[in-house]
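**Student:** Quick one: the structure is below, questions incoming.
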Amino acid sequence: MKKRKEEERGFKRYALWDNYRVAFGSFAEQMGLRYLAFMGADAVLSVAAPFAAMALPSAVVYFLGSGWQPGIIFLSLAGYVALQQAMQMLRVYMWNISSNARFLFRIKLGSALFGAAVGEDFRKFESNEGKRKLEGAGRNLYSGNNDGIEAFLGDFEKAAVALAGLSIYSIIVGSLSFWLLLILFFSAGVTMAVNLYADHRTVGYGEEHIKVGQGYSYLKREVLVPANGKDIRLYRMWNWFQDAFDKMKEELAYWVGRQRNCTIYACVFEHFVAFVRNVFIYGYLIVQMMEGRIDLAAFLLYVGVVASFGGWMSSMTAAVSSMWKNNRYMDRYRDFLEYAQEHQGGDGKVANPGEKHEIRLEHVSFCYEDNEEDTIHDLSLTIAPGEKIALVGINGAGKSTLIKLICGLYSPGAGKILIDGQDVSALSFEEYKKEFAVVFQDVFAFSFPLGDNVSCRPEAETDSRKLEQSLRDAGLWERVEEFPKKGRTNLNKDLDSAGVALSGGELQRLMLARALYKDEASVVILDEPTAALDPIAESRMYDKYHEMTKDKTSIFISHRLSSTKFCDRILYMENGRIAEEGTHDELMALQGAYAAMFRTQAQYYEKGENKKQLGRAAAEA
């Protein structure tokens, strides 16, 4: 049932032993075998040191009753205590080394997760399934020391230590009475079963707690976003948010309460069982000593063993429970890595990189997750080397999706895309993406220095002259010169309180500068690059776009059809298909959808211009 539920949630399951094989294999590869030796030494000392401490009272009684000279007794006890303390100190040292190694190993795996996420097919990364898998994988690494792979490795060591301790102590108890040993194991087994059941329920309640917590975090995040403050106040949305907050607080309190109740009930039961067990066993040991079957030293040893036996069993229970919980984290981590590696393309290289290429789409279709209909339908298109293409159409026509398919962010669901006759699916994505400089409509800047945002490289790898020229060509250099650190000025305030926030138009110019800096690209794609610009800046942008793409293949998306006149060919998209294509004059002569859209836009401009003329005439009169 549990496996089926996990599969329904979209996560693949792996055997516990297989996850440990992968975890320890990766640990040895990343950290070296010597750290495995440290972990083994830590495990041995974790058994030996507590046993030595537990046996100290029995050793004292034994030495005092040995009849030896006081000096020998003193030296013997001093040597015993010194050995015990040395074991404890060595144990602490080994534990520190092994735990630090596990922490560093967890951090190193973060790079592998980051690389897999970045290299993942963008469609999968955008999908709900991809986001869910990535979040599950991230919890394996970033949930802290007590969860995920770091704790998973530690759980194995804890379980091994507990098993060794139980084995040693079982031998000691069994030497006195086989029935006492059965009582200890029976009580411990019952306690473990109850604790594991409680932990299982707690984890289930914890999953619900996390779901509600995510909703709570979302509401809190939305309320605290300054951009949302205007709407919340003007539309009196606070009561709405407050009601949602209150409901989620009640749900959080409910699930937290269920978790605490499980823990409390299990704890009470464990202490009750321990009380009944100890009353019986200690009574038996007292009778044995009174009847002379064991001496005082043996009595103290057995009492210590019985008392410690419960502790070892509790450690075993906790370790097994934690192993079960963290095994799920490992499942999700490995599941994401496999998911990310699917359909990652080949290792082929683009012929004649940096030169103009022919791009051809043959019967390409594409459908988003959970959509019933294709966004792109059986589309065939050839873009000649150096050709300037304008993509136009109403919202939802598939323009941006087509762009993401062409530049390799999405893989076609059907059909194929070719560059100079090479199937893109057989090419290395790292090589293929070098051919594209893209500016998307949803522009944003990373909270790094402005120059790094343009070059997409650290300062040491950035060509300063090329950077300045790109900013000049994009019309942003004068603004950059006003900044205190010029191109080294941090953007936004996430990492630097003195960071600079750019306006929407400045952000678009920054993205244009980024595309200009990538001068090795043979294809330039601009997706609504003038949405945040005023008409004058827009006109200049068109001129700059025309200049920067004179020796390149280019694709231009815009809702402002006046910007398409300089393009070699205009593609009017409708319902994921190319409904019309040709030059501006050809499409206007066709009197189709493009012409109707153009006339509608021109009508509004003409009305606006007439109003301005009437206003000037009235003022003059």
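Be aware that the sequence shown starts at 0, since it is given in numbering that gives the first Met the number 0, and climbs by one per residue. Beta carbons are placed, not taken as given, at the ideal position from N, Cα and C, and that holds for glycine. Source: prediction; values computed, not measured.
Inspect the beta-carbon positions of residue 103 and residue 38 and report whether they are closer than 8 angstroms.
**Tutor:** Along the sequence shown, read from residue 1 onward, the residue named residue 103 stands at position 104. Along the sequence shown, read from residue 1 onward, the residue named residue 38 stands at position 39. For residue 103 and residue 38, no; Cβs fall outside 8 angstroms.
**Student:** Which two residues bound the contiguous alpha helix (DSSP H) that contains residue 256?
**Tutor:** Numbered from 1 along the sequence shown, position 257 holds the residue referred to as residue 256. Taken as a continuous stretch (DSSP letters only), the alpha helix (DSSP H) holding residue 256 covers 237-289.
**Student:** Pick helix, strand or coil for residue 13, following the three-state DSSP scheme.
**Tutor:** One-based indexing of the sequence shown puts residue 13 at position 14. The answer is coil: DSSP assigns residue 13 none of H, G, I, E or B.
**Student:** Under the rule that 16 or more other beta-carbon atoms within 10 Å means buried, what is residue 271, buried or exposed?
**Tutor:** As a working note, residue 271 is residue 272 in the sequence shown. When all chains shown are included, residue 271 counts as exposed.
**Student:** Using 8 angstroms as the threshold, is the C-beta distance between residue 569 and residue 363 below it?
**Tutor:** Locating residue 569 in the sequence shown gives position 570, where the first residue counts as 1. Locating residue 363 in the sequence shown gives position 364, where the first residue counts as 1. Cβ atoms of residue 569 and residue 363: not closer than 8 angstroms.
**Student:** Tell me the start and end of each unbroken alpha helix (DSSP H) in the region 61-93 that is at least 4 residues and wholly inside, in chain order.
**Tutor:** As far as the region 61-93 is concerned, it has no whole alpha helix (DSSP H) run of at least 4 residues.
**Student:** Taking 6 angstroms as the limit between beta carbons, can you name the residues of its chain near residue 493, skipping five residues before and five after?
**Tutor:** Residue mapping note: residue 493 aligns to position 494 of the sequence shown, counting from 1. Residues 446 of the same chain have their beta carbon placed closer than 6 angstroms to that of residue 493, with the five preceding and five following residues left out of the count.
**Student:** Tell me whether residue 304 is buried or exposed, calling it buried when 16 or more other Cβ atoms sit within 10 Å of its Cβ.
**Tutor:** The sequence position of residue 304 within the sequence shown is 305, counting from 1. Classification of residue 304: buried, given that the 10 Å Cβ count is 16 or more.
**Student:** Which one of 438, 380, 100 and 330 has the shortest CA to CA distance from residue 576?
**Tutor:** Here the question's residue 576 lines up with position 577 in the sequence shown. Taking only the C-alpha atoms, the option nearest residue 576 is 380.
**Student:** Would you say the region 482-497 touches the region 437-455, given that touching needs at least three Cβ pairs under 8 angstroms?
**Tutor:** Three or more Cβ pairs drawn from the region 482-497 and the region 437-455 lie within less than 8 angstroms of each other, which places the two stretches in contact.
**Student:** DSSP three-state call for residue 222: helix, strand or coil?
**Tutor:** The count along the sequence shown starts at 1 and reaches residue 222 at position 223. In the structure shown, residue 222 sits in a helix (DSSP, three-state: H, G or I).
**Student:** When every heavy atom of the ligand ADP is checked, does at least one fall within less than 7 angstroms of the C-beta of residue 461?
**Tutor:** Here there are no bound small molecules, and the ligand ADP is not part of this structure.
**Student:** Just reading off the beta strand (DSSP E) that residue 437 is part of, what are its end residues?
**Tutor:** Translated into the one-based positions of the sequence shown, residue 437 becomes position 438. From DSSP, the beta strand (DSSP E) with residue 437 extends over 435-438.
**Student:** What's the gap between the Cα of residue 66 and the Cα of residue 169?
**Tutor:** Within the sequence shown, numbered from 1, the residue matching residue 66 stands at position 67. Within the sequence shown, numbered from 1, the residue matching residue 169 stands at position 170. Rounded to whole angstroms, residue 66 to residue 169 spans 31 angstroms at the Cα level.
**Student:** Apart from the five residues just before and just after residue 108, which ones in its own chain have a Cβ nearer than 6 angstroms to its Cβ?
**Tutor:** Residue 108 sits at position 109 when you count from the first residue of the sequence shown. If we look at residue 108 and ignore the five residues flanking it on each side, its Cβ neighbours are 140.
**Student:** Out of 584, 573 and 387, which one is the CA nearest neighbour of residue 521?
**Tutor:** Mapped onto the sequence shown, residue 521 falls at position 522. With distances taken between Cα atoms, residue 521 lies closest to 387.
**Student:** Which first and last residues belong to the alpha helix (DSSP H) in which residue 400 is found?
**Tutor:** By 1-based counting over the sequence shown, the position of residue 400 is 401. Per DSSP, residue 400 belongs to the alpha helix (DSSP H) from 398-405.
**Student:** Please report the straight-line C-alpha distance between residue 403 and residue 572, rounded to a whole angstrom.
**Tutor:** Residue 403 sits at position 404 when you count from the first residue of the sequence shown. Residue 572 sits at position 573 when you count from the first residue of the sequence shown. Distance between the alpha carbons of residue 403 and residue 572 is about 15 angstroms.
**Student:** For residue 432 versus residue 318, is the C-beta spacing smaller than 8 angstroms?
**Tutor:** Translated into the one-based positions of the sequence shown, residue 432 becomes position 433. Translated into the one-based positions of the sequence shown, residue 318 becomes position 319. It is not a contact, given that the beta carbons lie outside the stated cut-off.
**Student:** Does the distance from the CB of residue 179 to the CB of residue 280 come in under 8 angstroms?
**Tutor:** Sequence index remark: in the sequence shown, residue 179 carries index 180 (1-based). Sequence index remark: in the sequence shown, residue 280 carries index 281 (1-based). Contact flag set, yes.
**Student:** Please report how far the alpha carbon of residue 18 lies from the alpha carbon of residue 329, in whole angstroms.
**Tutor:** Here residue 18 refers to the residue found at position 19 of the sequence shown. Here residue 329 refers to the residue found at position 330 of the sequence shown. Rounded to the nearest angstrom, the two C-alpha atoms are 7 angstroms apart.
**Student:** So, residue 84 versus residue 55, is the Cβ gap smaller than 8 angstroms?
**Tutor:** The residue you call residue 84 lines up with position 85 of the sequence shown. The residue you call residue 55 lines up with position 56 of the sequence shown. It is not a contact, given that the beta carbons lie outside the stated cut-off.
**Student:** Compare the beta carbon distance of residue 624 and residue 133 with 8 angstroms and say whether it is the shorter of the two.
**Tutor:** This structure does not reach residue 624, given that the chain is present from 0 up to 620, and the question cannot be answered.
**Student:** Pick from 121, 117, 161 and 26: whose alpha carbon is nearest that of residue 42?
**Tutor:** Translated into positions along the sequence shown, residue 42 becomes position 43. A check of alpha carbon separations from residue 42 across 121, 117, 161 and 26 identifies 161 as the nearest.
**Student:** Quick one: what's residue 489 bridged to in DSSP?
**Tutor:** Numbered from its first residue, the sequence shown carries residue 489 at position 490. Its beta-bridge partners are 448.
**Student:** Could you spell out the range, first to last residue, of the alpha helix (DSSP H) harbouring residue 316?
**Tutor:** Working through the sequence shown from its first residue, we reach residue 316 at position 317. Element bounds for residue 316: 295-340.
**Student:** Rounded to the nearest angstrom, what separates residue 63 and residue 53 at their Cα positions?
**Tutor:** On the sequence shown, residue 63 is found 64 positions in, with the first residue counted as 1. On the sequence shown, residue 53 is found 54 positions in, with the first residue counted as 1. Taking the straight line from one Cα to the other gives about 17 angstroms.
**Student:** With residue 633 as the anchor, note down where its alpha helix (DSSP H) starts and where it stops.
**Tutor:** This structure cannot speak to residue 633, because the chain is shown only from 0 to 620.
**Student:** Compute the Euclidean distance between the alpha carbons of residue 293 and residue 301, then round it to the nearest angstrom.
**Tutor:** Translated into the one-based positions of the sequence shown, residue 293 becomes position 294. Translated into the one-based positions of the sequence shown, residue 301 becomes position 302. If I take the Cα positions, the gap works out to 10 angstroms.
**Student:** How is the alpha helix (DSSP H) around residue 164 delimited, first residue to last?
**Tutor:** Counting from 1 along the sequence shown, the entry for residue 164 is found at position 165. It spans 148-175 - the alpha helix (DSSP H) in which residue 164 sits, taken as one unbroken run.
**Student:** Between the alpha carbons of residue 555 and residue 513, how many angstroms are there, rounded?
**Tutor:** As a first step, residue 555 must be located in the sequence shown, where it is residue number 556. As a first step, residue 513 must be located in the sequence shown, where it is residue number 514. Taking the straight line joining both Cα atoms gives about 16 angstroms.
**Student:** In this structure, does DSSP put residue 496 in helix, strand or coil?
**Tutor:** Stepping through the sequence shown from its first residue, residue 496 is reached at position 497. The answer is coil: DSSP assigns residue 496 none of H, G, I, E or B.
**Student:** Would you check if the distance between the CB atom of residue 230 and the CB atom of residue 11 is smaller than 8 angstroms?
**Tutor:** The sequence position of residue 230 within the sequence shown is 231, counting from 1. The sequence position of residue 11 within the sequence shown is 12, counting from 1. Cβ atoms of residue 230 and residue 11: not closer than 8 angstroms.
**Student:** Just how far apart, CA to CA, sit residue 619 and residue 602?
**Tutor:** Along the sequence shown, read from residue 1 onward, the residue named residue 619 stands at position 620. Along the sequence shown, read from residue 1 onward, the residue named residue 602 stands at position 603. In this prediction, residue 619 scores a pLDDT of 46, lower than 50, which makes its location untrustworthy; the coordinate-derived value is nonetheless stated afterwards. If you take the alpha carbons of residue 619 and residue 602, they lie about 26 angstroms apart.
**Student:** In the structure shown, what three-state DSSP assignment does residue 571 receive?
**Tutor:** Taking the first residue of the sequence shown as 1, we reach residue 571 at position 572. If DSSP states are grouped into helix, strand and coil, residue 571 belongs with the strands.
**Student:** In or out: residue 46 buried (at least 16 other Cβ within 10 Å) or exposed?
**Tutor:** One-based indexing of the sequence shown puts residue 46 at position 47. Under this definition residue 46 is a buried residue.
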